[in-house]
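> In my numbering, the protein residues as written are 1326 to 1562. Structure below; questions to follow.
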Amino acid sequence: DTVMAAQMTDAHRRFLQVLMSKGITEASEARKLHHHCCETDKVYYAHDKLDDFISTINRHLQPLFMQIRKGMSEEDGRAYYAVVNLAETEVTKMASDYTEIELELFRKTMDLIILSENGFASSTDILNLADKLKTKKMKKKEAERVLKVFVEDKWLSEKNGEYTLHTRCIIEMEQYILSNYQDVARKCNICHSLTVQSQVCESCGIGMHLPCVRKYFKAQTEPRCPQCNEYWSCDIP
């Protein structure tokens, strides 16, 4: 039976195809998709076996240096799945889809976001970069169009003229970001994955995702840092 479970079926292939075409899928959608694929291809289905189902796909993706990874939305803490290319963890993965100048704008935007206090970069700051690009200068109109494309392609998210990294981007590029921004990139003290939009302890400097902050301090009358035990001075979201 275990041998059977490890086989890739049409249901697994269908699931992978849909996930790849979407780039990223929320966990509740992935659960529905799991059910749909198993039903369509008449493959044994159990509602609590999604992780096993994905592990089977991942074993078969290993030689291709790809993997389905689970991550969390920094906004609301919901879980997401994305297909990650392990061979090209960097921005090189994007090179086939964008021009050199567009990629430079993306890298510069990523710099702004990761080096910022709160994990956001304003459109004004990003557009000011556009005419300082090394590849060649980019007009503001063009830069606005490119930013729109990055949002549509789920590399960036935009809220009221502020940009941050999309959940898909964080899942795909976590290793790249942690190694390229060693001094500034933070891992969340609670869930230990990369945190871009974070609250930071004023005493010891650890960072936490906003959803992790919410969860961690829910039961506490007086919020204290999990690392240094000093009073947590940020507003609990």
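Quick reminder that beta carbons are idealized off the backbone N, C-alpha and C, glycines included. Computed from a prediction, not measured in an experiment: that's the story for all the values here.
1) Sort out for me which residues DSSP pairs residue 1535 with in a bridge.
2) Can you check whether the CB of residue 1405 is closer than 8 Å to the CB of residue 1439?
3) Pairs of beta-carbons, one from the segment 1424–1438 and one from the segment 1452–1472, closer than 8 Å: are there three or more?
4) Could you name each continuous alpha helix (DSSP H) segment of 4 residues or more that falls completely within the segment 1347–1404, going from the start of the chain to the end?
5) Return the CA-CA distance between residue 1425 and residue 1467, expressed in angstroms with no decimal places.
6) Cα-Cα, which of 1506, 1525, 1407, 1458 is closest to residue 1397?
7) For the putative contact between residue 1390 and residue 1362, defined by C-beta atoms under 8 Å, what is the C-beta separation to the nearest angstrom?
8) Between the beta-carbon of residue 1536 and the beta-carbon of residue 1542, is there less than 8 Å?
9) On the DSSP letters alone, give me the boundaries of the beta strand (DSSP E) that residue 1501 sits inside.
10) Spell out a yes or no on whether the segment 1469–1482 and the segment 1375–1394 are touching, meaning 3 or more CB-CB pairs, one atom from each, closer than 8 Å.
11) Which partner residues does residue 1446 have in the DSSP bridge list?
12) Mark residue 1329 as exposed unless 16 or more other C-beta atoms lie within 10 angstroms of its C-beta, in which case mark it buried.
13) At the level of alpha carbons, what is the spacing between residue 1526 and residue 1371?
14) Determine, using beta carbons only, whether residue 1382 and residue 1333 come nearer to each other than 8 Å.
15) Using DSSP's beta-bridge definition, name the partner residues of residue 1520.
16) Compute the Euclidean distance between the alpha carbons of residue 1475 and residue 1533, then round it to the nearest angstrom.
17) For residue 1541, name the three-state secondary structure that DSSP assigns.
18) Tell me residue 1343's beta-bridge partners as DSSP assigns them.
19) Does the distance from the CB of residue 1444 to the CB of residue 1522 come in under 8 Å?
20) Give the straight-line distance between the Cα atoms of residue 1367 and residue 1552, rounded to the nearest whole angstrom.
21) What does a CB cutoff of less than 6 Å around residue 1506 pick up in its chain, not counting 5 residues either side in sequence?
22) Going by beta-carbon coordinates alone, are residue 1403 and residue 1375 separated by less than 8 Å?
23) Roughly how far, in whole angstroms, is the beta-carbon of residue 1529 from the beta-carbon of residue 1550, given that I think they are within contact range, below 8 Å?
In short:
1) What you label residue 1535 is simply residue 210 of the sequence shown in a count that begins at 1. According to DSSP, residue 1535 bridges with nothing at all.
2) Here the question's residue 1439 lines up with position 114 in the sequence shown. Here the question's residue 1405 lines up with position 80 in the sequence shown. In this structure, residue 1405 does not lie closer than 8 Å to residue 1439 by Cβ.
3) yes
4) 1352–1365, 1375–1386
5) Here the question's residue 1425 lines up with position 100 in the sequence shown. Here the question's residue 1467 lines up with position 142 in the sequence shown. Approximately 14 Å, taken between the alpha carbons.
6) Mapped onto the sequence shown, residue 1397 falls at position 72. Cα-wise, what sits closest to residue 1397 is 1407.
7) Here residue 1390 refers to the residue found at position 65 when the sequence shown is read from its first residue. Here residue 1362 refers to the residue found at position 37 when the sequence shown is read from its first residue. Residue 1390 to residue 1362, Cβ: 24 Å. No contact.
8) For this step, residue 1536 is matched to residue 211 along the sequence shown. For this step, residue 1542 is matched to residue 217 along the sequence shown. No, they are not a contact pair.
9) On the sequence shown, residue 1501 is found 176 positions in, with the first residue counted as 1. From DSSP, residue 1501 is part of no beta strand (DSSP E) but of the alpha helix (DSSP H) over 1492–1505.
10) no
11) Within the sequence shown, numbered from 1, the residue matching residue 1446 stands at position 121. Residue 1446 is bridged to 1488.
12) One-based indexing of the sequence shown puts residue 1329 at position 4. Note that residue 1329 has pLDDT 47, beneath the 50 cutoff, so the model's placement of it is unreliable and the number below is only indicative. Looking at its Cβ environment, which holds fewer than 16 other Cβ atoms inside 10 Å, residue 1329 is exposed.
13) Locating residue 1526 in the sequence shown gives position 201, counting from the first residue. Locating residue 1371 in the sequence shown gives position 46, counting from the first residue. In a straight line, the C-alpha of residue 1526 is about 43 Å away from that of residue 1371.
14) Taking the first residue of the sequence shown as 1, we reach residue 1382 at position 57. Taking the first residue of the sequence shown as 1, we reach residue 1333 at position 8. Yes. Within cutoff.
15) For the purposes of this step, residue 1520 is taken as the residue at position 195 of the sequence shown. For residue 1520, which the question treats as bridged, DSSP gives the partners 1511.
16) To locate residue 1475, count along the sequence shown from 1; it is residue 150. To locate residue 1533, count along the sequence shown from 1; it is residue 208. Going by the C-alpha atoms only, they are around 26 Å apart.
17) In the sequence shown, residue 1541 corresponds to position 216, counting from 1. Three-state DSSP puts residue 1541 in a helix.
18) Reading the sequence shown from its first residue, position 18 is the one you call residue 1343. Partner(s): none; residue 1343 has no beta bridge.
19) As a working mapping, residue 1444 is identified with position 119 in the sequence shown. As a working mapping, residue 1522 is identified with position 197 in the sequence shown. Going by C-beta atoms, residue 1444 is nearer than 8 Å to residue 1522.
20) The residue you call residue 1367 lines up with position 42 of the sequence shown. The residue you call residue 1552 lines up with position 227 of the sequence shown. The alpha-carbon atoms of residue 1367 and residue 1552 are separated by roughly 50 Å.
21) As a working mapping, residue 1506 is identified with position 181 in the sequence shown. Only 1439 meet the Cβ criterion.
22) In the sequence shown, counting from the first residue as 1, residue 1403 sits at position 78. In the sequence shown, counting from the first residue as 1, residue 1375 sits at position 50. Going by C-beta atoms, residue 1403 is not nearer than 8 Å to residue 1375.
23) As a first step, residue 1529 must be located in the sequence shown, where it is residue number 204. As a first step, residue 1550 must be located in the sequence shown, where it is residue number 225. That pair is a contact at about 6 Å.
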